[in-house]
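Chemist: If you read the protein sequences in the order shown, they are chains V and F. Per my numbering, the first sequence starts with residue 1, numbered consecutively. Per my numbering, the second sequence starts with residue 1001, numbered consecutively. If you scroll down you'll find the structure; I have some questions about it.
There are 2 protein chains.
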Amino acid sequence: MSLAIGDAHTPLTKMVKNALRQRILNGEFEQGTRLVEGRISEEMGVSRMPVREALRELAAEGLVKIIPRRGATVSMPAVDQKMDLIEVRATLEALNARLAARRKDPDRIAALQRVLAAGEADIAKGDFSEMRAHNDAFHTALGEVSGNATLQDLIRTLRDQTSMLFKQDDPVKVRETWREHADILRAVIAGDEELAAILASRHVYNAVEPEAVTD
Amino acid sequence: MSLAIGDAHTPLTKMVKNALRQRILNGEFEQGTRLVEGRISEEMGVSRMPVREALRELAAEGLVKIIPRRGATVSMPAVDQKMDLIEVRATLEALNARLAARRKDPDRIAALQRVLAAGEADIAKGDFSEMRAHNDAFHTALGEVSGNATLQDLIRTLRDQTSMLFKQDDPVKVRETWREHADILRAVIAGDEELAAILASRHVYNAVEPEAVTD
DNA sequence: CAACAGACTCTGGTATACAGAATTAAGCGC
DNA sequence: GCGCTTAATTCTGTATACCAGAGTCTGTTG
């Protein structure tokens, strides 16, 4: 299994963690599935330790729940927590956009524009395969403009935790999403903090798939 | 070594973590001090593993920085990160207060009022020894009123990371702090979301010790 | 006194073991 | 059959011991 984890030079723990995160976000493990250390370590061909650590870290990110003496399970957020998460995320994305509008570093904004263009180009081409990546890239780039690393970390974590609440495959929605991205970017460039903040906040709420938070 | 950690039944890792957190927040370890796994484990009479895990968790909380292959060091936030942290924290405390004002659960508010009274009583008595605990209690209680668990977690973490930026021992400042607490509570009870949010946000900025973020 | 070799210190991992909590399977009495 | 015990099995939390290789420190030497 060469591509199993890929034996590079990055810490093993990180690789295990990423592999697990991937699998969880892909829905390969359902909500509540037990993640047994021994099983995973064997499956990935590593010892238990890196797995333990990876699980702890994922727990810190909220993708996994660890109950003492009972181990880890996949933890999609409970219904009543979903809105909580979204509320927090929207607030932080708003702060992020506000800060970006305040600093509006030209270089970073240029980079952001390139990301926006890339996303729009794919949409024009009708190629939706990379949308998730483009989307992540946009939000990451926006985070760089704001320049608040703490905030970026938090948002990334929240993004992972909420990613399953958003629909990514509906072309109509995707187009809407990117229109909103463009609006946010415009507000940022204009230095309009208030507008940027409001747009970013709404952007989160708009992208939520209603059924996801209802049932 | 008997009272080193105290061999209870709670996971060892948690105890190690708490002990370390305590020592860091108390300033017993200065910024940049290396936290060598072997040394700590020996000192606390446990094996390296719980120490490793504790360090990772503290790293997730931001109290410690881990550089691959170089280990953990105490990481007070860098100057330019301090304002970042405070900005984020202020934003989240504002959201928290806003949600509290929205829900204003009577029982939780009653509890909050008791905490406020306890703090004020100690101030009246001139007893400042428990102020930090009272302060934590107030913010925790406020978090319960808002009822957003995710938010509470985040705020607690941020509180730990920023705690050293606040002065707790100046009687004048303490009195001010509690006046602000009372104001926030009043806004929450009145259901005035906007006011509660603004007051909570300012409360954070007001409590910052100017020198702490300057140098 | 700068650059380099060597000795030493730690981290990230591996393997193995084991007590005791949880979970599951097996019995057993009714 | 069905519910309750009990025994067997599975896992977690920790501990030991060990190792390769990255980093760090030190002393030397040109």
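Positions of the beta carbon are idealized from the N, C-alpha and C atoms, including for glycine.
Which chain V residues are close to P1068(F), counting only those with a beta carbon under 9 angstroms from its beta carbon?
Modeler: Residue 1068(F) sits at position 68 when you count from the first residue of the second sequence. Neighbours of P1068(F) on chain V, chain order: T10, P11, K14.
Chemist: In the segment 1049-1060 of chain F, which residues sit with their C-beta less than 8 angstroms from some C-beta in chain V, listed in chain order?
Modeler: Taking 8 angstroms as the Cβ-Cβ cut-off against chain V, the residues of the segment 1049-1060 of chain F that qualify are M1049, R1052, E1053, R1056, E1057, A1060.
Chemist: Using 10 angstroms around the beta-carbon of A1200(F), count the other beta-carbons present and answer buried if the total reaches 16, otherwise exposed.
Modeler: Locating residue 1200(F) in the second sequence gives position 200, where the first residue counts as 1. Classification for A1200(F): buried.
Chemist: Could you check the C-alpha separation between A1060(F) and V1208(F) for me, to the nearest Å?
Modeler: Within the second sequence, the letter at position 60 stands for residue 1060(F). Within the second sequence, the letter at position 208 stands for residue 1208(F). Whole-angstrom Cα-Cα distance: 23 angstroms.
Chemist: Classify L3(V): buried if its beta carbon has 16 or more other beta carbons within 10 angstroms, exposed otherwise.
Modeler: Position 3 of the first sequence, counting from 1, holds the residue named residue 3(V). Confidence at L3(V) is low in this model, with a pLDDT of 33, below 50, so its placement is unreliable and the value that follows should be read with caution. Under this definition L3(V) is an exposed residue.
Chemist: So with Cβ pairs under 8 angstroms, would you call N206(V) a contact of chain F?
Modeler: Along the first sequence, one-based indexing puts residue 206(V) at 206. N206(V) does not count as touching chain F.
Chemist: Taking 8 angstroms as the threshold (beta carbon to beta carbon), is Q168(V) in contact with chain F?
Modeler: Position 168 of the first sequence holds residue 168(V). No, no contact with chain F.
Chemist: With a threshold of 6 angstroms on Cβ separation, who are the neighbours of G1147(F) within its own chain once the five nearest residues in sequence on each side are excluded?
Modeler: Here residue 1147(F) refers to the residue found at position 147 when the second sequence is read from its first residue. The residues are R1103.
Chemist: So K1104(F) is in the beta strand (DSSP E); what residue range does that whole segment cover?
Modeler: Walking along the second sequence from the start, residue 1104(F) turns up at place 104. Per DSSP, K1104(F) belongs to no beta strand (DSSP E) and is neither H nor E.
Chemist: Going along the chain, which residues of its own chain have a beta-carbon closer than 7 angstroms to the beta-carbon of D1007(F), five neighbours each way excluded?
Modeler: Here residue 1007(F) refers to the residue found at position 7 of the second sequence. With a pLDDT of only 34 at D1007(F), under the threshold of 50, the placement of this residue in the model should not be trusted; the figure read from the coordinates follows. So no residue of the chain qualifies.
Chemist: How should R1056(F) be labelled, buried or exposed, when 16 other C-beta atoms within 10 angstroms of its C-beta is the threshold for buried?
Modeler: In the second sequence, counting from the first residue as 1, residue 1056(F) sits at position 56. Under this definition R1056(F) is a buried residue.
Chemist: My output table needs one value for K1065(F): the three-state DSSP class, helix, strand or coil.
Modeler: Taking the first residue of the second sequence as 1, we reach residue 1065(F) at position 65. Three-state DSSP puts K1065(F) in a strand.
Chemist: Report back the beta-carbon spacing between I189(V) and A97(V) to the nearest angstrom; my notes put them in contact at under 8 angstroms.
Modeler: Here residue 189(V) is taken as the residue at index 189 of the first sequence, counted from 1. Here residue 97(V) is taken as the residue at index 97 of the first sequence, counted from 1. 12 angstroms between Cβ atoms; not a contact.
Chemist: How far does the beta strand (DSSP E) with V74(V) in it reach, from first residue to last?
Modeler: Locating residue 74(V) in the first sequence gives position 74, where the first residue counts as 1. 71-74 is the extent of the beta strand (DSSP E) around V74(V).
Chemist: Which residue marks the beginning of the alpha helix (DSSP H) containing A200(V), and which one marks its end?
Modeler: Working through the first sequence from its first residue, we reach residue 200(V) at position 200. Unbroken alpha helix (DSSP H) run through A200(V): 193-207.
Chemist: I need the straight-line Cα distance from R1114(F) to P1106(F), nearest angstrom please.
Modeler: The residue given as residue 1114(F) occupies position 114 in the second sequence. The residue given as residue 1106(F) occupies position 106 in the second sequence. Cα-Cα distance, rounded: 12 angstroms.
Chemist: Run through the DSSP bridge pairs and tell me what R34(V) is partnered with.
Modeler: Counting from 1 along the first sequence, the entry for residue 34(V) is found at position 34. DSSP, once it has assigned bridges, lists T73(V) as partnering R34(V).
Chemist: So the alpha helix (DSSP H) G959(F) belongs to, where does it begin and stop?
Modeler: Nothing about residue 959(F) can be read from this structure; chain F reaches only from 1001 to 1215.
Chemist: Where do the ends of the alpha helix (DSSP H) carrying Q152(V) lie?
Modeler: Here residue 152(V) refers to the residue found at position 152 when the first sequence is read from its first residue. That run of the alpha helix (DSSP H) goes 149-162.
Chemist: For R1159(F), count neighbouring Cβ atoms within 10 angstroms of its own Cβ and tell me buried if that reaches 16, exposed if not.
Modeler: Working through the second sequence from its first residue, we reach residue 1159(F) at position 159. Burial call: buried.
Chemist: Looking at L1092(F): is its Cβ nearer than 8 angstroms to the Cβ of Q1161(F)?
Modeler: Counted from its first residue, the second sequence places residue 1092(F) at position 92. Counted from its first residue, the second sequence places residue 1161(F) at position 161. Against a cut-off of 8 angstroms, the Cβ pair of Q1161(F) and L1092(F) comes out as no contact.
Chemist: Return no unless some Cβ of chain F is closer than 8 angstroms to the Cβ of T73(V).
Modeler: Taking the first residue of the first sequence as 1, we reach residue 73(V) at position 73. So, not an interface residue.
Chemist: Which residue comes first and which comes last in the alpha helix (DSSP H) that contains D1183(F)?
Modeler: Taking the first residue of the second sequence as position 1, residue 1183(F) is located at position 183. Note, D1183(F): alpha helix (DSSP H), 1171-1190.
Chemist: If T13(V) and E53(V) are in contact, beta carbons under 8 angstroms, what's the gap, nearest whole angstrom?
Modeler: Indexing the first sequence from 1 puts residue 13(V) at position 13. Indexing the first sequence from 1 puts residue 53(V) at position 53. Sure, about 5 angstroms apart at Cβ, within 8 angstroms.
Chemist: Flag this pair as touching only if the segment 1167-1183 of chain F and the segment 1117-1134 of chain F have three or more C-beta atom pairs under 8 angstroms; answer yes or no.
Modeler: Touching, yes.
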